[in-house]
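In the numbering used here, the protein residues as written are 32 to 208. Idealized CB from N, CA, C, for every residue including glycine. Okay, structure first, notes after.
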Amino acid sequence: MSTQSSESEAPSRDGARTDVEHFAAERKREEEETEIYADRERWEVAAILHRYGVRGDALRAAVDSICADKRRWVDFMMRFELDLKEPQPDRAARSAVTIGGAYVVGGLLPLSPYMLLDSTHQALVISACITGVALAGFGWLKAKATGLPAGRGAVQTLVIGGLAAAVAYMVAKLVGG
Numbered sequence: 032m033s034t035q036s037s038e039s040e041a042p043s044r045d046g047a048r049t050d051v052e053h054f055a056a057e058r059k060r061e062e063e064e065t066e067i068y069a070d071r072e073r074w075e076v077a078a079i080l081h082r083y084g085v086r087g088d089a090l091r092a093a094v095d096s097i098c099a100d101k102r103r104w105v106d107f108m109m110r111f112e113l114d115l116k117e118p119q120p121d122r123a124a125r126s127a128v129t130i131g132g133a134y135v136v137g138g139l140l141p142l143s144p145y146m147l148l149d150s151t152h153q154a155l156v157i158s159a160c161i162t163g164v165a166l167a168g169f170g171w172l173k174a175k176a177t178g179l180p181a182g183r184g185a186v187q188t189l190v191i192g193g194l195a196a197a198v199a200y201m202v203a204k205l206v207g208g
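Okay, here's the thing in structure tokens:
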């Protein structure tokens, strides 16, 4: 039904295009297609509605109504043919602030013992404990948020974080001597 499926997947392979740029490009293409290939695009609207059980006169009326307004027609195709919703313009900035803040807080937790204690050995032990508790806590929260078993999420994140720390330690030992 849609000839755009491989084209609309391209941005996932091309990290240079943002969600906003991708949406705008697909919208422009859909606007052109409703202009140039109106009959085919009307048929696609009918096919989409048919999948939802709309038939006969109701189908014809719905297609006519949707296609009577160019903006509504393109909106319909964006949503139901391409499964695209208009991205929020401030989403990227909010994500950047959230991720940046998480890195600062996440970095300060394990580093704080080194800033507060004179003994590096004692700071290492406390830092490892803080990191373990934080990893387990984040794993628990993530599992709860996604509907998975919380205990499993906590253990899984703790194990993966521990393995990553062990690998980083070994690499540092190899490089640093």
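What residue range does the alpha helix (DSSP H) around residue i cover?
i	result
residue 87	87-99
residue 114	Taken as a continuous stretch (DSSP letters only), residue 114 belongs to no alpha helix (DSSP H), as it is neither H nor E.
residue 189	181-207
residue 144	122-147
residue 49	It is not in any alpha helix (DSSP H) - residue 49 carries neither H nor E in the DSSP assignment.
residue 153	151-177
Go through its chain and collect everything with a Cβ distance to residue i's Cβ below 6 Å, but skip five positions before and after it.
i	result
residue 72	64, 65
residue 144	154, 157, 158
residue 104	65, 97, 98
What does the alpha-carbon distance come out to for the pair residue i and residue j?
i	j	result
residue 148	residue 159	14 Å
residue 121	residue 59	21 Å
residue 181	residue 85	43 Å
residue 124	residue 133	14 Å
residue 139	residue 170	19 Å
residue 183	residue 174	8 Å
residue 91	residue 57	26 Å
residue 150	residue 126	37 Å
residue 94	residue 87	11 Å
Between the options, which lies nearest to residue i when the distance is taken from Cα to Cα?
i	options	result
residue 80	51, 62, 110	110
residue 102	127, 123, 61	61
residue 50	175, 136, 131, 118	118
residue 197	162, 175, 170, 183	162
residue 75	52, 135, 113	113
residue 217	200, 142, 201, 69	Nothing in the structure corresponds to residue 217, since the chain is present only between 32 and 208.
Please work out which residues of its chain come closer than 7 Å, Cβ to Cβ, to residue i, disregarding the five sequence neighbours upstream and downstream, and give them in chain order.
i	result
residue 177	none
residue 54	115, 117, 118
Problem set entry | Stretch pair the segment 164-172 + the segment 187-205: three plus CB contacts closer than 8 Å | Segments in contact, yes.
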